[in-house]
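S.K.: The sequence shown begins at -11 in the numbering used here and counts up one residue at a time.
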Amino acid sequence: MIELPVVPVEQKPRKPDWLRVKLPVGKEYAHVRSLVDTHKLHTICESGNCPNMGECWGAGTATFMILGNICTRSCSFCAVATGRPLAVDTDEPNRVANSVKLMQVKHCVITSVDRDDLKDGGSTIWAETINAIRRESPETTLETLLPDFRGQWDNLARVLETRPEVVSHNLETVRRLTREVRIQAKYDRSLEALKHVSEAGLRTKSGIMLGLGEKEEDVLEAMDDLLSAGVHILTLGQYLQPTRNHHPVVDWIHPDQFAFYKQIGLEKGFRYVESGPLVRSSYHAEKHLFEI
């Protein structure tokens, strides 16, 4: 018999132990879970399989995605479907506001797909959703995770006029990898969007995913760029590949490195830095309501 060489099948890198997620527990989580199931409410916490859902719901925080679930962009890291979105649902602001009220959300995070197909970029629905939540739940504080509106700053201004407590726009990755990771986005346009938010006198927040192939100097450069744009709050988390068709995980970033970035970020001048393998954009969002 002839011995043939054994060629190993290419395997997906195994996730390290520090990425294990604890099961959601607690009275507050159980209460919100019951409301969501009973009233068939939708949150991005669930559809995005967020590892921090139990912790956030327990703290009274929930995230909702508006303007549909089809995006006009095709970023290589994102699992949201790309294509031609459906028509805008003009009743969506009221439905989201009703969900926030039923869930008794203390701090509400709103995000959306990119709607480059719309002249206003979806900003009218954004503003109406914020105002509807304020009418139904006046004690609820708000964070908005906004798109860049293709640099149409009048559309951004329409949302900023509603004065959310925190306004976020994610840089997502470092300058060197932006063309590869965020195909239809621009690094400097994102910085300009954040600068507009900061100059409006609002708490300004951004997030970066790590493990896409960036180097330490890339991350430190991004920190400096964000600070120059007036960003107060920074989140850093491990990128996880949604499917085989998405950008691969290049590195698993060790918790010690995340701790290092947090220390450096605070020393550089950020007011808050949430940095860890399981950190996502809205992680500890309720803690970011400081005076500016």
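Glycine included, C-beta positions come from ideal geometry on N, C-alpha and C.
Ordered along the chain, which non-local residues of its own chain (more than five positions away) have a Cβ less than 7 Å from that of Gly71?
M.R.: Closer than 7 Å at Cβ, skipping near neighbours: Ile58.
S.K.: Pull up the distance between the alpha-carbon of Val88 and that of Leu130, whole angstroms please.
M.R.: If you take the alpha carbons of Val88 and Leu130, they lie about 11 Å apart.
S.K.: Using CA coordinates, which residue listed in Thr117, Trp141, Lys174 and Glu127 is at the minimum distance from Thr150?
M.R.: Residue Thr117 is the option with its Cα nearest to Thr150.
S.K.: Does DSSP put Leu7 in a helix, in a strand, or in coil?
M.R.: The answer is helix: DSSP assigns Leu7 an H, G or I state.
S.K.: With distances taken Cα to Cα, identify the nearest neighbour of Leu133 among Arg170, Met53, Arg123 and Arg83.
M.R.: Minimum Cα distance to Leu133 is reached at Met53.
S.K.: Say yes only if the C-beta of Arg61 is nearer than 7 Å to one or more non-hydrogen atoms of the ligand ZN, and no if none qualify.
M.R.: Here there are no bound small molecules, and the ligand ZN is not part of this structure.
S.K.: Cα separation between Pro(-4) and Ser100?
M.R.: In this predicted model, Pro(-4) has a pLDDT of only 46, less than 50, meaning its place in the structure is not dependable; the value taken from the coordinates is given anyway. Using only the alpha carbons, I get a separation of about 42 Å.
S.K.: Counting Cβ pairs, one atom from each stretch, are 3 or more of them under 8 Å apart for the region 193 to 201 and the region 233 to 247?
M.R.: Contact between the region 193 to 201 and the region 233 to 247 is present, because at least three Cβ pairs lie under 8 Å.
S.K.: Any contact between the region 180 to 187 and the region 246 to 263? By contact I mean 3 or more CB pairs, one from each, below 8 Å.
M.R.: At 8 Å Cβ cutoff, the stretches do not touch.
S.K.: According to the neighbour-count rule (16 or more other Cβ atoms, all chains shown, within 10 Å of its Cβ), is Ser22 buried or exposed?
M.R.: When all chains shown are included, Ser22 counts as exposed.
S.K.: State the Cα-Cα distance for the pair Thr166 and Gln226, rounded to the nearest angstrom.
M.R.: Distance between the alpha carbons of Thr166 and Gln226 is about 16 Å.
S.K.: Only counting the same chain, and skipping five residues up and downstream in sequence, which positions put a Cβ closer than 7 Å to that of Asn119?
M.R.: Around Asn119: Thr150.
S.K.: Inspect the CB distances between the region 211 to 230 and the region 255 to 266 and report whether three or more fall short of 8 Å.
M.R.: Short answer: they touch.
S.K.: So, at 6 Å on beta carbons, what are the nonlocal neighbours of Ala115 in its own chain, with the 5 sequence-adjacent residues on each side left out?
M.R.: Result list for Ala115: Arg146, Val147 and Thr150, in chain order.
S.K.: Apply the 10 Å Cβ neighbour rule to Ala69 and answer buried if 16 or more other Cβ atoms are within range, or exposed otherwise.
M.R.: Exposed, by the Cβ-count rule.
S.K.: On the three-state DSSP scale, how would you describe Arg191?
M.R.: Looking at Arg191 - three-state DSSP - the assignment turns out to be strand.
S.K.: List the endpoints of the continuous alpha helix (DSSP H) containing Ile118.
M.R.: Unbroken alpha helix (DSSP H) run through Ile118: Ser111 to Glu124.
S.K.: Just checking my contact of Thr51 with Val97 at CB under 8 Å: how many whole Å lie between their CB atoms?
M.R.: Confirmed, about 4 Å.
S.K.: In the structure shown, what three-state DSSP assignment does Phe52 receive?
M.R.: Here Phe52 sits in strand by DSSP.
S.K.: At 3 residues or longer, and completely inside the region 220 to 261: list those beta strand (DSSP E) runs for me, N to C.
M.R.: Segments of the beta strand (DSSP E) lying fully in the region 220 to 261: 221 to 226.
S.K.: Rounding to the nearest angstrom, what Cα-Cα distance links Leu144 and Arg2 in this structure?
M.R.: Going by the C-alpha atoms only, they are around 41 Å apart.
S.K.: How many whole angstroms separate the CB atoms of Leu190 and Gly110, which I take to be in contact at a CB cut-off of 8 Å?
M.R.: About 19 Å separates the two Cβ atoms, so there is no contact after all.
S.K.: With distances taken between CB atoms, is the gap from Pro265 to Leu7 smaller than 8 Å?
M.R.: Closer than 8 Å, so yes.
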